[in-house]
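**Student:**
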Amino acid sequence: MRADPADFKLVSPDNLQVVLSLLANEPSQWLPIAGGTDVMVLYSAGKLPNRKLINLWSIPELRQIEVLPDRIRIGATCTYTALRKDEILSREFPLLALAASWTGGIANQNRGTLGGNIANASPAADSLPALLVYEAELTLVSARGERRVPYRTFHVGYKNTALAADELIRDIALPRKFVGYTSHARKVGARKAQAISKVCLAALGHCASGVVRDVRLALGSVAPVPLRLRDTEQLLTGNKIELSLINAARKSVMNEIRPIDDIRSTARYRAAVAANLVAEFLEKLAVGGTNA
Numbered sequence: 032m033r034a035d036p037a038d039f040k041l042v043s044p045d046n047l048q049v050v051l052s053l054l055a056n057e058p059s060q061w062l063p064i065a066g067g068t069d070v071m072v073l074y075s076a077g078k079l080p081n082r083k084l085i086n087l088w089s090i091p092e093l094r095q096i097e098v099l100p101d102r103i104r105i106g107a108t109c110t111y112t113a114l115r116k117d118e119i120l121s122r123e124f125p126l127l128a129l130a131a132s133w134t135g136g137i138a139n140q141n142r143g144t145l146g147g148n149i150a151n152a153s154p155a156a157d158s159l160p161a162l163l164v165y166e167a168e169l170t171l172v173s174a175r176g177e178r179r180v181p182y183r184t185f186h187v188g189y190k191n192t193a194l195a196a197d198e199l200i201r202d203i204a205l206p207r208k209f210v211g212y213t214s215h216a217r218k219v220g221a222r223k224a225q226a227i228s229k230v231c232l233a234a235l236g237h238c239a240s241g242v243v244r245d246v247r248l249a250l251g252s253v254a255p256v257p258l259r260l261r262d263t264e265q266l267l268t269g270n271k272i273e274l275s276l277i278n279a280a281r282k283s284v285m286n287e288i289r290p291i292d293d294i295r296s297t298a299r300y301r302a303a304v305a306a307n308l309v310a311e312f313l314e315k316l317a318v319g320g321t322n323a
């Protein structure tokens with residue numbers, strides 16, 4: 032059953048404080064939206080539970096990309112097109128820029144936003160593994176004030192986040208400390224574009240004298256939440272990349288993830304692909320590759 036527009040109320044403030052006031056006065060009643068690329072799917076199917084919507088599109092401070100000496104701050108309603116075209120992001124955070132290019136088609140990239148992707152909390156979202164390896168920090172705001180939350184702690188379960196009912200994601204900060212790292216990203220789906228991931232990987236690594244000094248691995252579509260592979264990272268750090276280490280990493284990956292069978296793939300396939308993607312990255316890291 033399709034939704035009836037007459038059942039819904041939409042407001043479009045141009046001031047963040049107005050948004051926060053609405054959320055404070057009626058927590059859980061108002062749903063903030065920006066691009067609406069996920070919300071409209073539920074709306075069209077008649078499955079959107081919220082009847083009160085706040086359009087964030089006209090709030091300038093949520094659309095900015097601010098470059099600071101130690102970090103880049105991305106407004107929550109920055110679109111994938113803006114991320115993909117930003118020169119500094121593309122140079123210093125290529126995994127995020129690449130993930131932005133994977134997300135839907137051009138129309139979705141023009142409307143879809145990074146904050147919306149985070150709040151939607153799909154474990155298959157393309158941009159979220161990149162945020163994990165880049166150690167993103169979220170600024171959450173409400174009428175009560177603001178708080179900063181490490182992105183790694185934001186997803187607490189399937190489609191469940193640390194965002195309070197009266198809070199909004201204001202921005203996403205990325206530390207500028209990964210220049211010189213080898214980066215690698217892969218998305219495996221039913222086709223090259225406009226497909227939900229069966230498995231996606233974001234990886235960063237740094238070697239010295241052939242030894243892994245730092246490595247960061249994150250996967251999507253293999254657990255209830257976007258997953259950082261801490262055990263596998265620990266296994267790799269301080270060791271030289273050889274065939275025995277790559278094989279051990281394969282086993283570690285398969286032990287850390289929790290894939291399921293669903294309409295897009297099987298758990299067995301996802302486990303095999305996830306292990307292969309990590310092995311592919313380690314082979315690239317061993318020879319000093321740098322491109323995503």
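Add 31 to the 1-based position in the sequence shown for our numbering, that's all there is to it. C-beta atoms are modelled at their ideal positions from N, C-alpha and C, and glycine is treated no differently.
(1) Using only alpha-carbon positions, find the residue among Arg207, Gly77 and Ser89 that is nearest to valine 98.
(2) Output yes or no for whether 8 Å exceeds the beta carbon distance between threonine 263 and glutamate 287.
(3) From valine 304 to tryptophan 61, what distance separates their C-alpha atoms?
(4) Tell me the residue span of the beta strand (DSSP E) that contains valine 98.
(5) Per DSSP, glycine 188 is paired with what?
(6) Based on the DSSP output, what are the partners of leucine 84 in its beta bridges?
(7) What does a CB cutoff of less than 6 Å around lysine 190 pick up in its chain, not counting 5 residues either side in sequence?
(8) Return the first residue and the last residue of the beta strand (DSSP E) that leucine 274 is part of.
(9) Do valine 164 and alanine 249 count as a contact pair if the criterion is CB distance below 8 Å?
(10) Hey, how far is the Cα of arginine 94 from the Cα of asparagine 270?
(11) The beta strand (DSSP E) spanning glutamate 168 covers which residue range?
(12) Where does isoleucine 294 fall in DSSP's three states?
(13) Determine the direct distance from the alpha carbon of alanine 156 to that of glycine 21, and round the result to whole angstroms.
**Tutor:** The structure says:
(1) Arg207
(2) yes
(3) 40 Å
(4) 96–98
(5) Asn191
(6) Leu41 and Leu62
(7) Ala152
(8) It is not in any beta strand (DSSP E) - leucine 274 instead sits in the alpha helix (DSSP H) that spans 274–287.
(9) yes
(10) 42 Å
(11) 168–173
(12) coil
(13) Because the chain spans 32 through 323 in this model, residue 21 falls outside it and cannot be assessed.
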